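> Provided herewith is a single structure, encoded as structure tokens, for subsequent inquiry.
Residue numbers (this note's numbering): 3 to 157.
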């Protein structure tokens, strides 16, 4: 008689080439085993975007206590105009970063009056920007072949 570990290893060593591969819906996939790697087909995020509500600017335009005029309001899903020197753009979470802007300052450290924004806390370059591909890059393996699908993995 075989001990448990030996029997288990023999089962694991059996070829699985004869098991048919099927394409099923995600709802039917719970508890199933992936026949091949799941590979990212796009970058996530797909473009540079704001991680919070605030103001986008070119850091070189910041001077403590000096207000900057609001150039535009950028909503999620909207294509912004390029960032103009010496101006600031109102931006919301998930909004695309205007070309040329390199910093997003959260709204809580800004005051806006008559279309002018004063930043009350020194910004740091690249802060509050989610960069394209920061989470996942095209071609990266998201789930490996042989993974048993469970709710957290199928999300």
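Note that beta-carbon positions come from the ideal geometry of N, C-alpha and C, so glycine has one too.
Computed from a prediction, not measured in an experiment: that's the story for all the values here.
#1: Return the chain-ordered list of same chain residues with a C-beta closer than 6 Å to the C-beta of residue 39, the five sequence neighbours on each side being excluded.
#2: With a 10 Å radius around its C-beta and 16 neighbouring C-beta atoms as the bar for buried, classify residue 87 as buried or exposed.
#3: Ends of the alpha helix (DSSP H) at residue 14?
#4: Look at residue 57 and residue 93 and say whether their C-beta atoms are less than 8 Å apart.
#5: Along the chain, where does the beta strand (DSSP E) that runs through residue 23 open and close?
#6: According to the neighbour-count rule (16 or more other Cβ atoms, all chains shown, within 10 Å of its Cβ), is residue 23 buried or exposed?
#7: Grouping DSSP H, G and I as helix and E and B as strand, with all else coil, what is residue 153?
#8: Where does residue 168 fall in DSSP's three states?
#9: For residue 113, count neighbouring Cβ atoms within 10 angstroms of its own Cβ and tell me buried if that reaches 16, exposed if not.
#10: Whole-angstrom Cβ separation of residue 125 and residue 64, contact assumed at under 8 Å?
#11: Whole beta strand (DSSP E) runs in the segment 81-151 with 3 or more residues, listed along the chain?
Quick look at the numbers:
#1: Taking the chain shown and counting its residues from 1, one reaches residue 39 at position 37. Here the set comprises 143, 146, 147.
#2: Within the chain shown, residue 87 is the residue found at index 85, counting from 1. By the 10 Å Cβ count, residue 87 comes out exposed.
#3: Stepping through the chain shown from its first residue, residue 14 is reached at position 12. Its alpha helix (DSSP H) spans residues 6-15.
#4: Taking the chain shown and counting its residues from 1, the one referred to as residue 57 is at position 55. Taking the chain shown and counting its residues from 1, the one referred to as residue 93 is at position 91. In contact: residue 57 and residue 93 (Cβ atoms closer than 8 Å).
#5: Translated into positions along the chain shown, residue 23 becomes position 21. From DSSP, residue 23 is part of no beta strand (DSSP E); its letter is neither H nor E.
#6: Numbered from its first residue, the chain shown carries residue 23 at position 21. So residue 23 ends up on the exposed side.
#7: By one-based count along the chain shown, residue 153 stands at place 151. Three-state DSSP puts residue 153 in a helix.
#8: Because the chain is modelled from 3 through 157, residue 168 falls outside the range shown and cannot be assessed.
#9: Taking the chain shown and counting its residues from 1, one reaches residue 113 at position 111. Residue 113 is exposed by the Cβ-count criterion.
#10: As a working mapping, residue 125 is identified with position 123 in the chain shown. As a working mapping, residue 64 is identified with position 62 in the chain shown. Indeed they touch by this definition, with Cβ atoms about 6 Å apart.
#11: 90-93, 105-108, 112-115, 118-121, 143-145
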